[in-house]
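Participant:
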Amino acid sequence: MSPFITLEGGDGAGKTTQTGLLVERLQMVGIDVVQVREPGGTALGEALRPLIKGEVEASPLAELLLLETARAQLVEEVIAPALAAGKTVVSDRFYDSTVAYQGFGRGLDMQIIQDLNRIASAGISPDATLLLDIDPATALGRIGNGADQRNDPESQQRFESQPLEFHERLIEGYRSMAAEDPTRWFVIDANTGVDRLGEKIWAVVSSVLKL
935 MSPFITLEGG
945 DGAGKTTQTG
955 LLVERLQMVG
965 IDVVQVREPG
975 GTALGEALRP
985 LIKGEVEASP
995 LAELLLLETA
1005 RAQLVEEVIA
1015 PALAAGKTVV
1025 SDRFYDSTVA
1035 YQGFGRGLDM
1045 QIIQDLNRIA
1055 SAGISPDATL
1065 LLDIDPATAL
1075 GRIGNGADQR
1085 NDPESQQRFE
1095 SQPLEFHERL
1105 IEGYRSMAAE
1115 DPTRWFVIDA
1125 NTGVDRLGEK
1135 IWAVVSSVLK
1145 L
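Under the working numbering, the first residue of the sequence shown is numbered 935, with each subsequent residue one higher.
Following this line, the structure appears as structure tokens:
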């Protein structure tokens, strides 16, 4: 199956910007690539996205189920067919975000999350996951002052408005996942500018894909 690459990290880490830049660079070297994001990427996923991001109140469990619904549709409709067709898929978030946000962040039962992740992903797992590791206070400051002009325009909603302690739990959760599976995870210091961060990401991806 073709390579499946995911970018992970907390809010304000630059995932949205860097996902787009990475896809552009892959296309420039002739890679047939499909770009997706979570939640979203399908008509159903995009319809659920504003609900998940904070348009209406939802309990942590309801939030989890909405995310898994969007993911199941994205996998079946876009990711699985693209990989089967020999295309490289690059995703702005995947199931590791659910472990970080709903598990480490919200405190939901990890076994329930893992079970639902496995069902929704239909057994598909990323070949390489890039963690954009940044100090949470710095990342939230980026969102607040609009420093990342290409960030998700839906910022300042349910997750971004959580207290600093929530975001600190997220990054610690991400770091623990990366430590447990160093063959899949690549931790990249994101406390830098857009161009420099892009070069770091490209160095990892070009090595993984043997470009």
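The beta-carbon is built from N, C-alpha and C at its ideal position, and this holds for glycine as well.
Under the three-state reduction of DSSP, which class applies to I965: helix, strand or coil?
Facilitator: Residue state, collapsed to three classes: coil.
Participant: So, does the segment 1030-1037 touch the segment 1093-1108, judging by three or more C-beta pairs under 8 Å?
Facilitator: yes
Participant: Let me check understanding here. Comparing Cα to Cα, which of R1076, L941 and L985 lies closest to T1003?
Facilitator: L985
Participant: Would you list the residues sitting across from I1122 in a DSSP beta bridge?
Facilitator: L1066
Participant: When we look at the beta-carbon of E1099 and count the other beta-carbons within 10 Å, is it buried (16 or more) or exposed?
Facilitator: So E1099 counts as exposed.
Participant: Could you check where the alpha helix (DSSP H) with I939 kicks off and where it finishes?
Facilitator: Element bounds for I939: not the alpha helix (DSSP H) but the beta strand (DSSP E), F938 to E942.
Participant: Taking T1022 as part of the beta strand (DSSP E), name the residues at either end of that continuous run.
Facilitator: Secondary structure note for T1022: its beta strand (DSSP E) is the uninterrupted segment T1022 to D1026.
Participant: Where does the unbroken alpha helix (DSSP H) through K1134 begin, and where does it stop?
Facilitator: V1128 to V1142
Participant: Measure the CB-CB distance between A1018 and V1142 and report whether it falls below 7 Å.
Facilitator: No, the Cβ-Cβ distance between A1018 and V1142 is not below 7 Å.
Participant: My output table needs one value for V970: the three-state DSSP class, helix, strand or coil.
Facilitator: It is a strand residue.
Participant: Which whole-angstrom value describes the C-beta separation of V1139 and I939, a residue pair presumed to lie in contact below a C-beta threshold of 8 Å?
Facilitator: 6 Å
Participant: Quick one: what's got a C-beta closer than 6 Å to I965's C-beta in the same chain, skipping five residues either side?
Facilitator: Excluding positions up to five away in sequence, the list reads T1022.
Participant: CA-CA distance, V970 and G1037?
Facilitator: 23 Å
Participant: Return the chain-ordered list of same chain residues with a C-beta closer than 7 Å to the C-beta of D1123, the five sequence neighbours on each side being excluded.
Facilitator: A distance below 7 Å between beta-carbons, with the five flanking residues on each side excluded, links D1123 to the following residues of its chain, in chain order: D1067.
Participant: Of the residues P937, A1054 and K1144, which one's Cα is nearest the Cα of A1016?
Facilitator: P937
Participant: Rounded to whole angstroms, what's the CA-CA distance from P896 to A1071? Just pull it up for me.
Facilitator: Residue 896 cannot be examined here, being either before or after the span of the chain that is shown, 935 to 1145.
Participant: Compare the C-beta of G974 with all C-beta atoms of chain E and state if any pair is closer than 7 Å.
Facilitator: In the displayed structure, chain E is absent; only one protein chain is listed.
Participant: What residue range does the alpha helix (DSSP H) around F1100 cover?
Facilitator: L1098 to E1114
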